[in-house]
Each structure stands twice: as C-alpha cells, then as structure tokens.
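End of the sequence shown sits at 310 in my numbering; the numbers just go up one at a time, nothing left out. Built from N, CA and C at the ideal position, the CB exists for glycine as well. Please read the structure below before turning to the comments.
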Amino acid sequence: MIVVCVITTDDHEGLIDFLKPSCEFHNLKLKVLTVKDKYTGHRLKDLLLYEFLKDIDKNELILFTDAFDAYFIASEAEIIEKYNRFNIPIVFSGEIACWPEPTLSRFYPRITEDTHFRYLNSGGFIGRSGDIVDLIEKYYFENRIELSQHLWSNQYVWNQIYLNEQDVIKIDVDCEIFYTLCSKIPVSKAYLHSEELKKVVLSQEKDRLLNEMIIEDGRFTNSITGTRPCHLHFNSPAVKELMKTNLLDDLKVWVDK
C-alpha cells in the first residue's frame, strides 16, 4: 500500500509534525507529490494523483490523504483488513455535511436517520490505482458530469462521481478507517477575525471531540459509531487549531513523552 498526498510547500507544520511522523511510526510508505506551478484549486490534487497513478501497477493499493491536517493512528495491516471488508473498489471518508453543494444531499441514498457521517469527504480515500485512474479519466476528461460550479473544489467533483458510481464507491459512514472531525458549526469570516468568537467555538469543539472520542493506549473508540478509526482528518478551521494543541497528545504515539 502507498499513502499519497499533494503539497504546495514541504515545510508546513501539518506535514512535518503530523502526517510524516505518523507514517514513519506505523511503517506506512508515503509518496509526496509537489505542485510545481501555481496552485489553482483542489482539483489539481486529483490531476497530480492521476499523473502518478497512471504509470504504476494498476493493482497497487493507494490511500490518498490530505497533507496538512491529517495523520494516522493505525498500521497498514489494520487499514488493509478493514478495506477488504468493504468488498468494493474504492472507499471514501464520510463527514456530517454535504459540502460544498448542500443540494446534492437529496440525491444521496436513504440510510438510517442516526447515520452521522453519511456524506463524502475527499480528504481521505482508499482503492486500487487502476480503479482511481478509471474514474478520473471518465469524469474529469470525458465531461460526463457538470464541473462548472465550485471550480476550486475536488470534493464537489467526487460527490457527483459517487452519486453516479455507487457500485464502485462506498462511504465509510461508520468510521472504520477514516474519521473526519469537522462539525456543523458554521465558520464565518467573523471567526477568522474575532478572538472572542474563536475562544467560544474552540471551547465548543473541544467539548464535542472529548465526547466523541474515548482515548486509550494510543487509540480511540468513536462513541458515535463504536469503531476504532485509523486515519484522522481535521477538516475545519477550529479543529485544525485543536490538532496543534495537546488535546489529543495520547494519539500522537510517535512523540516522545
């Protein structure tokens, strides 16, 4: 299995302090793809991934992850075992919001009302190289879906691909492999400029995470799903801030205590 990420700079603290050392600790092979030109949006991640994957063995298992706000807390063997249990070519992480286009939620399959992480998140997914290449070619290059909205977002593209390819893609709604930590708290421009608002939101998010995560021996059980995820993705401004605090130090097993 190869873990792949895309970066714009190699000195970001998220890469240096979290993703790289977590891969090293868990003996995960990390391939870093670097954007050489201007970063024009997140769809560039898929195109760089495609350029890498089209030249390697189509049966190679690939786990794509965001680079600056994610890390691993489990071994390759555990990840592969859980992936195989899905019995489907590609598994995407799930989150609680249908983003960036909420109207797509009405096209999602009906599942139980208490399913928390039902919407696709593109910051973590796993599948065979050939299957990922096939989907990128089919939907990026053959114009089979509408791509003119949310031009900066590859998650918008993958949401549409999922809705068309549910026999190929499954969402990890129970957080068996992936746990996406974003909440439904809306983050306005005021959050970015108000220290008081930041304190309130960070306090709320800290309480939420401590309620969702039962941490023991360098792992945690998700209190919502009852599972033990392998990959954490801190995909909102507030939880990105919390990632850098000592809140979850017990999960950072690569750090000398």
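- So who's on the other strand from residue 291, going by DSSP bridges? DSSP, once it has assigned bridges, lists no residue as partnering residue 291.
- C-alpha distance - residue 234 paired with residue 143, whole-angstrom precision: The alpha-carbon separation between residue 234 and residue 143 amounts to approximately 21 Å.
- C-beta contact flag for residue 232 and residue 282 at 7 Å: yes
- Message: With distance defined between alpha-carbon atoms, name the residue in 290, 271, 278 and 230 nearest to residue 259.
- Response: 290
- Task: Can you check DSSP and say which residues form a bridge with residue 266?
- Result: 275
- Task: Compute the Euclidean distance between the alpha carbons of residue 187 and residue 247, then round it to the nearest angstrom.
- Result: C-alpha separation (whole angstroms): 45 Å.
- Message: Can you check which of these residues, 184, 213 and 69, is closest to residue 156 by C-alpha distance?
- Response: When only C-alpha atoms are compared, the closest one is 213.
- Query: Given 8 Å as the limit, is there contact between the segment 78–90 and the segment 116–130, that is, 3 or more CB pairs closer than that?
  - Reply: yes
- residue 177, enclosing beta strand (DSSP E) - first and last residue: Taken as a continuous stretch (DSSP letters only), the beta strand (DSSP E) holding residue 177 covers 172–181.
- Query: How many angstroms separate the CA atom of residue 230 from the CA atom of residue 55?
  - Reply: 15 Å
- Message: I want to check one thing, is the minimum distance from the CB of residue 122 to the heavy atoms of the ligand ATP below 6 Å?
- Response: By its list of ligands, the structure shown contains no ligand whatsoever, and the ligand ATP lies outside what it can speak to.
- Message: If you follow the alpha helix (DSSP H) that residue 99 is in, where does it begin and where does it stop?
- Response: 96–106
- Assuming residue 72 contacts residue 136 (C-beta within less than 8 Å), just tell me the rounded distance between them. Going by Cβ atoms, the distance from residue 72 to residue 136 rounds to 19 Å, so no, they are not a contact pair.
- Spatial neighbours of residue 153 in its chain, beta-carbon cut-off 8 Å, leaving aside the 5 residues before and after: 203, 206, 208 and 209
- Query: By how many angstroms is the C-alpha of residue 176 removed from the C-alpha of residue 103?
  - Reply: 16 Å
- Message: If you reduce the DSSP assignment to three classes, tell me which class residue 76 lands in.
- Response: DSSP places residue 76 in helix when its eight states are reduced to three.
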